[in-house]
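A.B. asks: Protein sequences, first through last, are from chains A and B.
What the first sequence shows, in numbering that gives the first Met the number 0, is residues 0 to 314, in sequence order.
What the second sequence shows, in numbering that gives the first Met the number 0, is residues 0 to 418, in sequence order.
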Amino acid sequence: MISRSTTDLVSPRGGAPERRRRFRLGRRAGLAFWVAPALLLVGVFAIYPVAYSVYISFFKYKLTDPTKSQTFVGFGNYLSALADPSFVVAVRNSLAFVVGAVGVELLFGLALAVLLNRELPGMALVRSILIAPLTLTPLVVALVWGALYNADFGPVSYYLKQLGFQLGRGPVGEPSLALASLVVIDVWQWTPLMALLLFTGLRSQPLELHDAAQIDGASNWQRFLHVSLPLLRPTILVALVIRTMDALKLFDSVFAITGGGPGRATEVVNYYIFKVGLTYFDIGYAAAMSNLLLIIIVVLSALYLRVLRTPGSAS
Amino acid sequence: MNGIRRAATYMVLALCAMVLSVAPAQKSQYAGTNLNFIVVSDQFSAALEALAPIFQEQTGINLRVTVLGYGELYQRAIADFIGHTAQADLYSTDIVWSCQFAENGYLTDLASLIKQDAAELDLDDIPTVMWTTGSCGEQQIAFPLVGYAGVLAYNKAAFDAAGIAVPKTVAELAAAAQALTKDGKAGIVMNGQRGTPAAQDWMFYMLMNGGTILGPDGKPALNSPINVETLELYADLFKYAPDGAVSYAWGERVTSFSEGSSMMMVDWSAGLDYLREGAVPVSGSAAITTTPVREGLDPVYPFGGWGVGINADSPSQGAAWEFIKWLSSPEVQKQYVELGGKPIRHSTLTDPDLVAKYPFLSTILEVVEHGDGDFRPRITQYSQIEDAVGLAVNLVVTGQESAQAALDAAQATVAPLFQ
């Protein structure tokens, strides 16, 4: 007969609660072990640079200054940026670009996604072709479009002129057309991404809801408006956040085609920061502007979350 | 006994011969040293790549030439200098970086080395203006690597057909541009793209018209009456330029001229591909001459180019200096020009063989003799000045602002940098 005292049953080495506690501790240590490399990477490549950028933004610090001095200026760089006409214009242009590019991409992307969602012949091929612009380097795309837009020997300008459009000094030479011309490039390259994201959203919707709406006599348009679109909100939110962040960082086409011109028509934040940081090497000021750009992105993302949050969702 | 001694002697001699035949010839005291030379992507960089194995063979010093784009080179160099990482032993340095690099001590001051090897370098053979590619006050932080002349490229056939002479003055240039604008062809082509392209191109015309970026006090004088007048003239010339010229940088400008769409342009002597037989549609009709000057002014021509400097952090200072001396020697200079480089020596510019093969060298010589390497000020604030001028020029040529207002704004932007 085996007999064990209560104490024995509770724990040979401290009892069940202690065992559970040890188990939990062990489990946590195991999890921490596996998560540590990822945390280390995020810390080194994301948190540290942002923290250093915030730190350096409080200093007047020019890399090419022979005195190599770093003078603490508090929020001086931030105040200078807000009073800098070039930065203000760049922010305005960036926001206009985001509204134009991301707005058109959302509309075209949605239309394409609906089309892709239909079981039409050849759709698999269309989906493959749609990926092609996404695989190209933005700088290469910009150089090609720069040649296409050339007012004197570019085919886009030529055919638009043939169709009777008065382009004057060309799509990127006229202040009123230049930013819109860069929007066209962005739309060409990134609409497929929007379309594919929304397509996956449409594919993941439960068919029962569509069937029920059909039985209730809803038309195609009503089903799209009252079933598909509301269910697509989380996907639209993700797509908008990704594209907005990306569009706010526009650089390649400005760098390769316009240089920020004509005048200040295409001067955008990222390009201006590049100039200040890597041409003038005014690192403190460039860091302050980068942080302001980060704030703009965070605010816009929060705005999207607020507007597009699914009713009743925890987020 | 004698036989044994003789046999032993032969054996020792044979052994010596074997050792000598196997060991590499010690061609330089720095043989075996590795040098990394970072060069801007330009026509002369291909010539340097071609010369590297020859240098290696002659000296035993290993030379690796790394070619980078302009912006990339500048950023890489600054990062290397500030981090003291000595990624490269030698850097090609733009003429306008001279004082910025000198003030920061990024490159070794070559003045004492040049003085020490003056006879070997034959300094009298190097025109004065060439030294501006790397001088700042008493310091010489880079040795001349390539000298560029600002020249007027023109379509000779078009001038002959129109029966007009090649312009010698700024007024004649404007008149010729107007006269040659016909039958869908543009009389002249300029850079209008905002930033360095527009700024640098306008500065050619500023010099031609007698203007300067800095006043006599060394402070910016961007909105001086002569500069305002030059900008008005420059904008006016766009009436005779292709429609898209307001967005042009160097590539589009040269293409427009080379394709025969535009009849004139002011250009650096860096490429001159349009002078090469059969290279482009306009080959055979294209020619170059010195830039026109405002009537009554003494001829002063735009001069630019690159120097070669030794990274102050490089552990191979001696080998790097040996390379500079080798490259600048008259014999190598001749090879350098044959391979696409542009000469730094008077004797190379006047070499009968080269002049017979490249007649444009006589024009470059004339520019060099009257060249101004400071029309783009070689000061620390240059990049900001260039950006402000580039914006002003673009605003005016696109009709958004008057020359006076645009240059006033540019002046207001750069003036605080000098306080």
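No residue lacks a Cβ here, since even glycine has one placed at the ideal position from N, Cα and C.
A quick note: this is a predicted structure, and the numbers were derived from the prediction, not measured.
How about the segment 234-242 of chain A and the segment 213-226 of chain A: do they share at least three Cβ pairs that are nearer than 8 angstroms?
C.D. replies: Verdict: no, contact absent.
A.B. asks: What are the start and end residues of each continuous alpha helix (DSSP H) run of 4 or more residues lying completely inside the segment 99-126 of chain B, in chain order?
C.D. replies: If we require 4 residues or more, the alpha helix (DSSP H) runs fully inside the segment 99-126 of chain B come out as 110-115 and 117-120.
A.B. asks: Quickly, what does DSSP pair B:Met205 with across the bridge? List them, please.
C.D. replies: Answer by DSSP bridge pairing: none, since B:Met205 is not bridged.
A.B. asks: Buried or exposed, going by whether 16 or more other CB atoms sit within 10 Å of the CB of B:Gln115?
C.D. replies: When all chains shown are included, B:Gln115 counts as exposed.
A.B. asks: What do you get for A:Phe32, buried or exposed, if any count of 16 or more other CB atoms within 10 angstroms of its CB means buried?
C.D. replies: The residue is exposed, with fewer than 16 neighbouring Cβ atoms inside 10 Å.
A.B. asks: Does the segment 228-247 of chain B touch the segment 166-184 of chain A, meaning 3 or more C-beta pairs lie closer than 8 angstroms?
C.D. replies: They touch, by the three-pair rule.
A.B. asks: Quick one: does B:Val66 have its CB under 8 angstroms from some CB of chain A?
C.D. replies: False, the Cβ-Cβ gap to chain A never drops below 8 angstroms.
A.B. asks: Could you say if the segment 233-242 of chain B and the segment 139-154 of chain A meet the contact criterion of at least three C-beta pairs nearer than 8 angstroms?
C.D. replies: Taking 8 angstroms as the limit for Cβ pairs, the verdict is that the segment 139-154 of chain A does touch the segment 233-242 of chain B.
A.B. asks: Note down the Cα distance separating A:Val49 from A:Ile295, rounded to an integer number of angstroms.
C.D. replies: Answer to the nearest angstrom: the Cα atoms are 15 angstroms apart.
A.B. asks: What separation, rounded to the nearest whole angstrom, lies between the Cα atoms of B:Asp159 and B:Gly183?
C.D. replies: Straight-line Cα distance between these residues: approximately 18 angstroms.
A.B. asks: Is the beta carbon of B:Pro358 less than 8 angstroms from the beta carbon of B:Arg344?
C.D. replies: Result no, Cβ atoms of B:Pro358 and B:Arg344 do not sit closer than 8 angstroms.
A.B. asks: Along the chain, where does the alpha helix (DSSP H) containing A:Phe57 start, and where does it finish?
C.D. replies: No alpha helix (DSSP H) contains A:Phe57, which DSSP labels as neither H nor E.
A.B. asks: Taking only three categories from DSSP, how would you classify A:Val188?
C.D. replies: Looking at the sequence shown, residue 188 of chain A is not Val but Gln. Helix at A:Gln188.
A.B. asks: Closest by CA to A:Phe250, which one among A:Tyr60, A:Ile184 and A:Leu30?
C.D. replies: When only C-alpha atoms are compared, the closest one is A:Ile184.
A.B. asks: Please confirm if A:Val171 has its CB atom under 8 angstroms from at least one CB of chain B.
C.D. replies: Interface residue, yes.
A.B. asks: Taking a Cβ distance cut-off of 9 angstroms, strictly less, list which residues of the segment 182-201 of chain B are near chain A, in chain order.
C.D. replies: So the close ones are Ala185, Gly191, Gln192, Arg193, Gly194, Thr195, Pro196 and Ala197.
A.B. asks: Quick check: is the beta carbon of A:Arg202 nearer than 8 angstroms to any beta carbon in chain B?
C.D. replies: Closer than 8 angstroms: no.
A.B. asks: From B:Asp350 to B:Gly339, what distance separates their C-alpha atoms?
C.D. replies: Each residue's alpha carbon lies about 16 angstroms from the other.
A.B. asks: Looking only at C-alpha atoms, which of B:Gly304, B:Ala49, B:Asp108 and B:Ile81 sits nearest to B:Ser268?
C.D. replies: The option with the nearest alpha carbon to B:Ser268 is B:Gly304.
A.B. asks: Using only the alpha-carbon positions, how far apart do A:Ala123 and A:Leu201 sit?
C.D. replies: Their backbone Cα atoms lie some 16 angstroms apart in a straight line.
A.B. asks: Closer than 6 angstroms by C-beta to A:Trp144: which residues in its own chain qualify, once you throw out the five before and the five after it? Chain order, please.
C.D. replies: Correct list, in chain order: Ile184.
A.B. asks: Measuring straight from C-alpha to C-alpha, what distance separates A:Phe110 and A:Thr190?
C.D. replies: One point to set straight first is that residue 110 of chain A is Ala, not Phe, in the sequence displayed. So the alpha carbons of these two residues sit roughly 10 angstroms apart.
A.B. asks: Please compile the residues from chain A whose C-beta is within a distance smaller than 8 angstroms of the C-beta of B:Pro241.
C.D. replies: Ordered by position in chain A, the residues that pass the 8 angstroms Cβ test against B:Pro241 are Ala150 and Asp151.
A.B. asks: Out of B:Ser313, B:Thr168 and B:Leu230, state which residue places its alpha-carbon closest to the alpha-carbon of B:Leu296.
C.D. replies: Considering only alpha carbons, the answer is B:Thr168.
A.B. asks: Checking the sheet assignment: what are the DSSP bridge partners for A:Tyr157?
C.D. replies: Paired residues: none, contrary to the question.
A.B. asks: Do the segment 225-236 of chain A and the segment 251-259 of chain A touch if we need at least three Cβ pairs shorter than 8 angstroms?
C.D. replies: Result no; under three Cβ-Cβ pairs closer than 8 angstroms.
A.B. asks: Alpha carbon to alpha carbon, how far is A:Gln188 from A:Thr136? Give it in angstroms, no decimals.
C.D. replies: Their Cα atoms are separated by approximately 10 angstroms.
A.B. asks: For the segment 276-288 of chain A, enumerate the residues whose C-beta is nearer than 8 angstroms to any C-beta of chain B, in chain order.
C.D. replies: Under the 8 angstroms Cβ criterion, the segment 276-288 of chain A contributes Leu277, Thr278, Tyr279 and Phe280.
A.B. asks: Consider the Cβ of A:Leu142: report whether some Cβ of chain B lies at a distance smaller than 8 angstroms.
C.D. replies: Closer than 8 angstroms: no.
A.B. asks: Beta-carbon of A:Thr257 versus every beta-carbon of chain B: anything under 8 angstroms?
C.D. replies: Yes, A:Thr257 lies at the interface with chain B (some Cβ there is under 8 angstroms from its Cβ).
A.B. asks: In three-state terms, what does DSSP make of B:Leu406?
C.D. replies: Residue state, collapsed to three classes: helix.
A.B. asks: Would you grab the beta carbon distance between B:Leu236 and B:Ile187 for me? Rounded to a whole angstrom, and I think it's under 8 angstroms.
C.D. replies: 6 angstroms between Cβ atoms; contact.
A.B. asks: Counting contacts by CB-CB distance shorter than 8 angstroms, is A:Arg168 in contact with chain B?
C.D. replies: Interface residue, yes.
A.B. asks: Compare the Cα-Cα distances from B:Ser361 to each of B:Ser346, B:Asp371, B:Phe374 and B:Leu390 and report the closest residue.
C.D. replies: Per the Cα distances, B:Ser346.
A.B. asks: Can you grab the Cα-Cα spacing for the pair A:Val101 / A:Leu94, in whole Å?
C.D. replies: Distance between the alpha carbons of A:Val101 and A:Leu94 is about 10 angstroms.
A.B. asks: If you run the structure through DSSP and keep just helix, strand and coil, what is A:Met122?
C.D. replies: The answer is helix: DSSP assigns A:Met122 an H, G or I state.
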